[in-house]
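> Take this structure first; my questions come after.
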DNA sequence: GACAAAAGTTAGACATGGCTAACTTATCTA
DNA sequence: TAGATAAGTTAGCCATGTCTAACTTTTGTC
Ligand SMILES: [Mn+2]
Ligand SMILES: [Mn+2]
Ligand SMILES: [Mn+2]
Ligand SMILES: [Mn+2]
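Protein chains in written order, with the working numbering: chain E, 13 to 168; chain F, 13 to 168.
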């Protein structure tokens, strides 16, 4: 029976983890940030193609809130990564790999947003927070969100 | 009565937002990433001081999974930002501002972890995902998490 | 079809946050 | 207390993702 000195009802307890486990956690976050640019771009490109017929750098820049040269540079990185196909001065297309990644990202994005909405959060906040959160949600957590969402839909 | 062609039970609908709103969302994510290093460091420093008596670069490096020179560089940034006080080759202390930030971050971190745990997620996954998610949780969402947690604790 | 406007690219700069190699300082131990 | 070991720093490199300024290409209009 360790943990004797009980101190008046502390609702949370800081779990202390092994240093390596903690380090791995931070490494996971850094990795997530490395994939983030690609994920947001292909997701957006897929949506632009669907809703506007094509994906143009100007529009990508406008939606992401960055300047056109940033888009040019990043698109060429995506091309090098085999996610998009494109010739200079023309619209941007997704490769099969790009389309696959985009679909996975869109699905994940929607689940995160819907989950936040189910908590009573307003649409604007849900979208904003989801835009960052989505990249840090593991498969396990995504499934938990889906599960909670299902419960919510049955219940209310 | 718009939206005529109903297609077999689509559980999610992609909300299309104004370009500026979307851009603001991405800008928010970028800002969150700018504060992330400082937040993770002060949080960890506070915990090391509490549990080990002092915060040493080696230990910070080990826990973050980075090399010592990275810590040196980042600590000097934190010092420039007024979050940390320290002399070369000595342990690291938090300023009042640093302590305040650390407390807010620790609280937020705990809430996110507890919330994920309440969804049935295992501890290791909860901690890992929370490490990234915490930086993208607005006040609104944090409150919603707390609320859900309260419900959960009452219920089960 | 010429030319103006819009879209896109290139070049070059900058901040951030990682790294290694080599050096300095502090701590431990025989 | 000397010498070895551990801890910490410095210098310099790199990738990422942002920007501005200037140039090129495409598009739209008269
Ligand atoms: Mn995103
Ligand atoms: Mn997204
Ligand atoms: Mn974190
Ligand atoms: Mn993030």
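Note that CB positions come from ideal geometry on N, CA and C, so glycine has one too.
Pull up the distance between the alpha-carbon of residue 157(E) and that of residue 131(E), whole angstroms please.
Position 145 of the first chain holds residue 157(E). Position 119 of the first chain holds residue 131(E). Rounded to whole angstroms, residue 157(E) to residue 131(E) spans 11 Å at the Cα level.
> Could you please tell me which residues of the region 105-129 of chain F, in chain order, have their CB closer than 9 Å to any CB of chain E?
Within the region 105-129 of chain F, the residues whose Cβ lies closer than 9 Å to some Cβ of chain E are 118, 119, 121, 122, 123, 125, 126 and 128, listed in chain order.
> From residue 96(F) to residue 98(E), what distance separates their C-alpha atoms?
As a first step, residue 96(F) is located in the second chain; it is residue number 84 there, counting from the start. As a first step, residue 98(E) is located in the first chain; it is residue number 86 there, counting from the start. Cα-Cα distance, rounded: 48 Å.
> Whose C-beta lies closer than 6 Å to the C-beta of residue 148(E) among residues of the same chain, with five residues either side of it excluded?
For the purposes of this step, residue 148(E) is identified with residue 136 of the first chain, where counting begins at 1. Cβ neighbours of residue 148(E) beyond the five flanking positions: 44.
> From which residue to which residue does the alpha helix (DSSP H) around residue 28(E) run?
By one-based count along the first chain, residue 28(E) stands at place 16. It is not in any alpha helix (DSSP H) - residue 28(E) carries neither H nor E in the DSSP assignment.
> Are the C-beta of residue 131(F) and some C-beta of chain E separated by less than 8 Å?
Locating residue 131(F) in the second chain gives position 119, counting from the first residue. Yes, residue 131(F) lies at the interface with chain E (some Cβ there is under 8 Å from its Cβ).
> Which value, in whole angstroms, describes the spacing of the CA atoms of residue 49(E) and residue 81(E)?
Numbered from 1 along the first chain, position 37 holds the residue referred to as residue 49(E). Numbered from 1 along the first chain, position 69 holds the residue referred to as residue 81(E). Their backbone Cα atoms lie some 15 Å apart in a straight line.
> Leaving out five residues before and five after residue 20(E) in sequence, what residues of the same chain have Cβ atoms less than 6 Å from its Cβ?
Working through the first chain from its first residue, we reach residue 20(E) at position 8. Low confidence applies here, because residue 20(E) scores a pLDDT of 33, under 50, leaving its location unreliable; read the following figure in that light. Cβ within range, chain order: n/a, list empty.
> Using a Cβ-Cβ cutoff of less than 7 Å, which residues in the same chain neighbour residue 75(E) once the five nearest sequence positions on both sides are dropped?
The residue you call residue 75(E) lines up with position 63 of the first chain. Within the same chain, residue 75(E) has close Cβ partners 56.
> Does any heavy atom of ligand 5 sit closer than 7 Å to the C-beta of residue 144(E)?
Absent from the structure shown: ligand 5. Ligands present: ligand 1, ligand 2, ligand 3 and ligand 4.
> So, does the region 59-76 of chain E touch the region 103-111 of chain F, judging by three or more C-beta pairs under 8 Å?
Result no; under three Cβ-Cβ pairs closer than 8 Å.
> Between residue 41(E) and ligand 3, is the CB less than 7 Å from at least one heavy atom?
Here residue 41(E) corresponds to residue number 29 of the first chain, with the count starting at 1. Flag set: Cβ of residue 41(E) near ligand 3.
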